[in-house]
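2 protein chains.
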Amino acid sequence: MISTVINESLGLAFPLFQGGMAWIADGKLAAAVSEAGGLGIISAMAGGDYLRGQIKIARELTKKPIGVNLMLQSNTADEAAQIIIDEGVEVVTTGAGMPTKYMPAWLDAGIKVIPVIASVAMAVRMEKLGAFAVVAEGQESGGHIGELTTMALVPQVVDAVSIPVIAAGGIADGRGVAASFMLGAKGVQLGTRFLVAKECGVHHNYKQMVLDANDTSTITTGRRFGGNTCRQLKNQFSRNFIKVEYAPESTAETVADLGVGALRRAAVDGDTKTGCFLAGQISGMVKTEQTASEIINEIFAEAEQLLSGTEFVK
Amino acid sequence: MISTVINESLGLAFPLFQGGMAWIADGKLAAAVSEAGGLGIISAMAGGDYLRGQIKIARELTKKPIGVNLMLQSNTADEAAQIIIDEGVEVVTTGAGMPTKYMPAWLDAGIKVIPVIASVAMAVRMEKLGAFAVVAEGQESGGHIGELTTMALVPQVVDAVSIPVIAAGGIADGRGVAASFMLGAKGVQLGTRFLVAKECGVHHNYKQMVLDANDTSTITTGRRFGGNTCRQLKNQFSRNFIKVEYAPESTAETVADLGVGALRRAAVDGDTKTGCFLAGQISGMVKTEQTASEIINEIFAEAEQLLSGTEFVK
């Protein structure tokens, strides 16, 4: 068995997190991943009532620990931060900023806080704040990304902090898991591969776009005006975004409006033309819809074989 | 010992290439790397007379195989392609296009051709052309780059071709080497770490900028007008490039002129303000000037320890 401080401390069978994909990672998906031995994570993106409901769904489906992902810039972040405490959520992952104001209450409640970070400086700040671990996410990930890639980011973060580092970005199979361990990670987080989990309720068209993708199917928007780089599948929406973004007359404001409602149009409506389909560069490696349990067992069987004989397999 | 088809077929002690960095990778550096058991590679960038001279220097310093890197868009490519044959160079790596017109003569001469590629489609085309292997280079590399990162690119290329794959980009130490092997690579290519080799003749200021860098010290230029994305250290030159590139009134032509002479000003003159200092995202991990032999032995000792017990260590 591959076993590290991550699964041992959190009471998981595998040191694996499912990424808290906005508008997608719901209670059913999270429960399936947790029930299969990883950490299922619910996105708090859709507000307080939704979050409470999804936690309830997950709790009915599994007795195992679950997590919630909180985007700190969300305008419902304060409410979600309290719900996480009230509902006894075991792990919270955070994105888009510093969770400074929530940390004392979360730590008091015994919640393990594991921020998603994209640079060494952020990792160091999170460690000082009392984070249990960090998710070091490379820019091959889908969604909002930083600049560093997983290969470059993970070892630099490992060298800079003493808390465990979980690798994210570019991991689709056992090879990616084994590579992450070699880079010094103690766990992995996967998003794109769980997009096509049978328990993932994202629109069928979204799954089909991921299954049909190849290595060069993703593109990044939001670079010109900075601070909002976003990896997604190439389609009419993303091509138009790039066109508008780089048009001479465009401003940061013009571009900001482009994304409104686009994630929902992708995840809920499955609108292949006007939706924004967030997905990672490893979409080209995702070829089958499987249950969360099948995905996790397949990945870890391969990783164990690759790591057999090393210190990582106990 | 870590041993694969790459070092075994090319007569090397280690499956390691030194990147053929333009204006930097000369005969002295290549000889030091080859003499230490890797494959030293001379950049053909500076023209025919220079290339002949540098091959001569390398041959005087080592009896071991050497390589030449040929940028196919270079206006001296035809001449360099012939020099490679005339001088009995053992390995040629190519960049920026398809080496179709040179392949028959190179293969006739028994030269092993190993193109640097950034996508699955290019890897497949190179295999069909008769390439011995490919270098799959992630965008964390310094210099001209593609879109895919090493974690995402390497396994997708490995799955698509039957020739060996050499990983490049984001590799600074034994962890990166071990991770590359887990992803399916049979060898590695490192550029940035050899920038600070004692035998590397690049200007002292260039080495110091790499040694002083941290994880977020690189930036990419050339994205807006496409096809020429380039990773370099942040300085006055690169900041100005970005400013001009993203100015509303700029065109592809305005931007093309910006780079003229900038690589030379960095590598030869050490002009920290107006030079273009190509370097990878792992610059933050490069902390000491060492000999090529020290670098290679340190990296492979660490990789062997990590991979001990696996099929990769014989």
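Protein sequence lines, in the order shown, are assigned to chains C and P.
Everything in the first sequence is counted per our numbering, starting at 51 for the first residue and increasing by one.
Everything in the second sequence is counted per our numbering, starting at 51 for the first residue and increasing by one.
Using N, Cα and C, we set each Cβ at its ideal position, and we do this for glycine too.
Here the structure is a predicted model, which means the values were calculated and not measured.
Cβ of residue i within 8 Å of any chain C Cβ
i: Ala-306 of chain P; result: no
i: Thr-360 of chain P; result: yes
i: Ile-332 of chain P; result: yes
i: Arg-225 of chain P; result: yes
i: Gly-160 of chain P; result: no
i: Leu-101 of chain P; result: no
i: Val-336 of chain P; result: no
i: Gly-220 of chain P; result: yes
i: Asp-262 of chain P; result: no
i: Thr-242 of chain P; result: no
i: Gln-239 of chain P; result: no
i: Met-228 of chain P; result: Here residue 228 of chain P is Ala; the residue named in the question, Met, does not match the sequence. Yes, its Cβ sits closer than 8 Å to a Cβ of chain C.
Close-in-space but distant-in-sequence residues of the same chain around residue i (CB under 6 Å, 5 per side omitted)
i: Asn-255 of chain C; result: Gly-320, Thr-322
i: Ile-195 of chain P; result: Gln-189, Thr-279, Arg-281
i: Glu-249 of chain P; result: Lys-78, Leu-79, Ala-82, Ala-342
i: Asn-119 of chain P; result: Gly-70, Ile-91, Ser-93, Thr-143
i: Lys-257 of chain P; result: Val-246
i: Phe-362 of chain P; result: Ile-52, Phe-231
Same chain only: Cβ atoms within 8 Å of residue i, ignoring 5 sequence neighbours per side
i: Lys-337 of chain P; result: Leu-261
i: Arg-274 of chain C; result: Glu-295, Tyr-296, Ser-300, Val-305
i: Thr-268 of chain C; result: Gly-192, Arg-281, Gln-282, Leu-283, Lys-284, Ala-329, Gly-330, Gln-331, Ser-333
i: Ala-351 of chain P; result: Gly-224
i: Gly-8 of chain C; result: The first residue shown for chain C is 51 and the last is 364, placing residue 8 of chain C beyond what the model contains.
i: Pro-47 of chain P; result: A query on residue 47 of chain P cannot be resolved here, the shown segment of chain P reaching from 51 to 364 and no further.
i: Glu-339 of chain C; result: Val-246, Ala-247, Lys-248, Lys-257, Leu-261
i: Arg-102 of chain C; result: Ile-133, Glu-137
i: Leu-198 of chain C; result: Ala-168, Ser-169, Gly-188, Gln-189, Gln-206
As assigned by DSSP and simplified to three states, the class of residue i
i: Glu-161 of chain C; result: Per the sequence shown, the amino acid found at residue 161 of chain C is Ile instead of Glu. The answer is coil: DSSP assigns Ile-161 of chain C none of H, G, I, E or B.
i: Asn-119 of chain C; result: strand
i: Val-294 of chain C; result: helix
i: Val-336 of chain C; result: coil
i: Val-370 of chain C; result: Limits of chain C in this structure are 51 at one end and 364 at the other, which puts residue 370 of chain C out of reach.
i: Phe-350 of chain P; result: helix
i: Phe-67 of chain P; result: strand
i: Ala-342 of chain C; result: helix
i: Leu-357 of chain P; result: helix
i: Leu-62 of chain C; result: coil
i: Thr-304 of chain C; result: helix
i: Ile-216 of chain C; result: strand
i: Gly-90 of chain C; result: strand
i: Ile-269 of chain C; result: strand
i: Ile-105 of chain P; result: helix
i: Arg-281 of chain P; result: strand
i: Ile-52 of chain P; result: strand
Short CB-CB distance (under 8 Å) between residue i and chain P
i: Tyr-296 of chain C; result: yes
i: Glu-190 of chain C; result: yes
i: Lys-146 of chain C; result: Note that residue 146 of chain C is Ala in the sequence shown, not Lys. Output row for Ala-146 of chain C: interface = no.
i: Thr-322 of chain C; result: no
i: Leu-198 of chain C; result: yes
i: Arg-314 of chain C; result: no
i: Arg-273 of chain C; result: yes
i: Glu-299 of chain C; result: yes
Sequence-distant residues of its chain with Cβ nearer than 7 Å to residue i (five each side left out)
i: Ile-213 of chain C; result: Glu-177, Ala-181, Phe-182, Ala-183, Val-184
i: Val-55 of chain C; result: Pro-214, Lys-236
i: Ser-230 of chain P; result: Val-204, Ala-217, Ile-221, Val-238
i: Ser-53 of chain C; result: Lys-364
Distance between beta carbons of residue j and residue i, contact taken as under 8 Å
i: Phe-291 of chain P; j: Thr-266 of chain P; result: At roughly 17 Å, the Cβ-Cβ gap does not stay under 8 Å, so Phe-291 of chain P and Thr-266 of chain P are not in contact.
i: Gly-160 of chain C; j: Glu-129 of chain C; result: Wrong, their Cβ atoms sit about 20 Å apart, outside the cutoff.
i: Val-227 of chain C; j: Ala-353 of chain C; result: 4 Å
i: Ala-263 of chain C; j: Phe-287 of chain C; result: About 15 Å separates the two Cβ atoms, so there is no contact after all.
i: Met-172 of chain P; j: Ala-146 of chain P; result: So it is not a contact: roughly 11 Å between Cβ atoms.
Chain-ordered chain B contacts of residue i [CB-CB under 8 Å]
i: Val-170 of chain P; result: Here the protein chains are C and P, and chain B is not one of them.
Minimum length 4: unbroken alpha helix (DSSP H) runs contained in the segment 226-260 of chain P | With a minimum length of 4 residues, the continuous alpha helix (DSSP H) runs that stay inside the segment 226-260 of chain P are 242-245.
Starting from the N-terminal side, write out each stretch of the beta strand (DSSP E) that is 3 residues or longer and does not extend beyond the segment 130-208 of chain C.
-> 141-145, 184-187
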